[in-house]
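Novice: Residue numbers (the UniProt record's numbering): 1 to 579.
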């Protein structure tokens, strides 16, 4: 993926992944659909000519609007989409879907120059509206495999796509991917701006997938996406649940609300089958809450005997693990492996495997169970590189970049490192600003408990004071050092992050392990709306080479990239989510 691609805006993404041939729908047809589905639309102005207006696309970002588009104007955290109605009109918007406040803004700014369709639940209405325009239905698009949970979504979807590729490639059928790192349709791919795109983009992607012959797609489904109705109008062949641990409470308020957001994905109206990891009470609650066909999977070291599937016989295999999947009902045993380190990656691989095994004939995959088992046992679909997920940059010292950005993910990553490290563990961490601040002291405490040398630095401060964020991490770290017997753990605070990375390599010996946690694949830091280029993988490789340490065969180039040698301003429409 080129550096130039990383600068694509949300609007540019929307334009890149548009289907070529769209039948579209008239305003009259759209109003009829919204009426039939209970949205009670109000159209202004009223008249025959209004109903005949043809819609051939949909966009939520005014900068992504094209001629003939339905402009979906929703309320944001900083502005209302209707405030940018002139941008949409100048770009050729044919109609506007918005709420009461948006309709008033349109009237005050430009009058009713084009049809305005007013509904109370505009985010929820966006999905069915885009589905109608793009001609999508549950039976017309690819088989969707959705994954939600606090940690493991990205790796599991990469594993899913790799397995699906192995199965479908011999049949000359393509696969797709939608997630935190990238969006892919067959061989075409661009970087993502958020874990789950907005509903209008998703339905555009579904139509594009259909055009491109994509038979199946793996998709991360964040709790933000579920809460904000981004997946409205989509139906999943199989939905998978990884885990639920503390994160994103700035959005959800409590773990109960966080659970409820995730649980909404597993309703019968959204998914045909569900596969739920049941290694803790949250998992069992999710399995009990889910409706429709539910399959349970135990991946803990001592698997729950009540689960339908269990991971057994886990053993080291190169950098990763070999394992067996056992079905207690059929007594079937399937052997597989993953090349990524850590027990949690065994869980991710097992979830991907069971999701595909659970897909029934109605998904349209057209592959036999025998083919699936053969791929799992012989093709090694889970030995792949996932950008910024336990990505090995250096070998002596072992130097790893990981996306761990919450307490549970940090524990998993540090446990994986400890299981193979012969020396000290050196950890660089930060925390995102304007996000769940309660997790910062927890992360700081975990860091000094599990690493030998901790360097607290910056992640994405966003609009928050970076020093204040670091102070939250330091609070937990210092309290743990003061109250617990943690030996000679070293603790430093270093900003900017580049200096922290250089320091980590400076204190390392060949037998040690360096972990840069929190940012993973990301290539910019957001300071008060300005994005500064930095890639942990590149910075770590550069620091290792400066010290004369060996780097991994696929470690990134460290030459300056002119496409990244600039800062850029974030627009109000841009921003990510990983919940």
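The C-beta atom is built at its ideal place from N, Cα and C for all residues, glycine as well.
(1) If you follow the alpha helix (DSSP H) that residue 335 is part of, which residue opens it and which one closes it?
(2) Residues bridged to residue 182 by DSSP?
(3) Measuring alpha carbon to alpha carbon, tell me which of 380, 394 and 403 ends up nearest residue 387.
(4) Considering only residues of the same chain and omitting the five flanking positions on each side of residue 329, which have a CB-CB separation below 7 Å?
(5) The alpha helix (DSSP H) spanning residue 328 covers which residue range?
(6) In the DSSP assignment, what are the bridge partners of residue 309?
(7) So, does the stretch 143-154 touch the stretch 224-243, judging by three or more C-beta pairs under 8 Å?
(8) Express the C-alpha separation of residue 544 and residue 550 in angstroms, rounding to a whole number.
(9) Which first and last residues belong to the beta strand (DSSP E) in which residue 268 is found?
(10) When the distance is taken between beta carbons, is residue 442 closer than 7 Å to residue 407?
(11) Measure the CB-CB distance between residue 459 and residue 432 and report whether it falls below 7 Å.
(12) Taking C-beta to C-beta, are residue 117 and residue 41 nearer than 7 Å?
(13) So is residue 482 buried or exposed if we call it buried at 16+ other beta carbons inside 10 Å?
(14) Pull up the distance between the alpha-carbon of residue 293 and that of residue 265, whole angstroms please.
(15) Ends of the beta strand (DSSP E) at residue 543?
(16) Which same chain residues, not among the five before or five after residue 525, have their C-beta less than 6 Å away from its C-beta?
(17) Relative to the C-alpha of residue 421, which candidate in 345, 468, 334 and 511 has its C-alpha closest?
(18) What does the alpha-carbon distance come out to for the pair residue 96 and residue 72?
(19) Within the present structure, is the beta-carbon of residue 484 separated from the nearest heavy atom of the ligand NAD by less than 6 Å?
(20) Note the first and the last residue of the continuous beta strand (DSSP E) segment covering residue 530.
(21) What's the C-alpha gap between residue 55 and residue 354?
(22) Looking at the unbroken beta strand (DSSP E) that takes in residue 114, where does it start and where does it end?
(23) Taking a contact to mean a Cβ-Cβ separation below 7 Å, would you say residue 123 touches residue 85 in this structure?
(24) Should residue 229 go down as buried or exposed, given a rule of 16 or more other Cβ atoms within 10 Å for buried?
(25) Do you know how far the Cα of residue 382 is from the Cα of residue 175?
(26) From residue 18 to residue 372, what distance separates their C-alpha atoms?
(27) Over what stretch of residues does the alpha helix (DSSP H) that includes residue 208 continue unbroken?
(28) Note down, in chain order, each residue of its chain lying with its Cβ closer than 7 Å to the Cβ of residue 486, except the 5 sequence neighbours on either side.
(29) Does the pairing of the stretch 209-217 with the stretch 182-190 give three or more beta-carbon distances under 8 Å?
(30) To the nearest angstrom, how far is the alpha carbon of residue 81 from that of residue 204?
(31) Quick one: what's got a C-beta closer than 6 Å to residue 103's C-beta in the same chain, skipping five residues either side?
(32) If we ignore side chains and look at the alpha-carbon of each, how far apart do residue 414 and residue 451 end up?
(33) Can you tell me whether DSSP reads residue 444 as helix, strand or coil?
(34) If you drop the 5 nearest sequence neighbours on each side, which residues of the same chain put their C-beta closer than 6 Å to that of residue 296?
(35) I'd like the span of the beta strand (DSSP E) that includes residue 468, first residue to last.
(36) In the structure shown, what three-state DSSP assignment does residue 290 receive?
Specialist: In this structure, then:
(1) Where residue 335 is concerned, there is no enclosing alpha helix (DSSP H), although the beta strand (DSSP E) it sits in stretches over 333-338.
(2) 191
(3) 403
(4) 308
(5) No alpha helix (DSSP H) holds residue 328; DSSP gives it neither H nor E.
(6) 297 and 327
(7) yes
(8) 7 Å
(9) It is not in any beta strand (DSSP E) - residue 268 carries neither H nor E in the DSSP assignment.
(10) yes
(11) yes
(12) yes
(13) exposed
(14) 13 Å
(15) Per DSSP, residue 543 belongs to no beta strand (DSSP E); it is in the alpha helix (DSSP H), 536-546.
(16) 460, 532 and 534
(17) 511
(18) 6 Å
(19) In the structure shown, the ligand NAD is absent, as is every other ligand, since no ligand is present at all.
(20) 530-533
(21) 40 Å
(22) First-last for residue 114: undefined, no H or E at that position.
(23) no
(24) buried
(25) 16 Å
(26) 32 Å
(27) 199-212
(28) 448, 449 and 480
(29) yes
(30) 19 Å
(31) 116 and 118
(32) 7 Å
(33) helix
(34) 276, 278, 287, 307 and 308
(35) First-last for residue 468: 466-483, but that is the alpha helix (DSSP H), not the beta strand (DSSP E).
(36) coil
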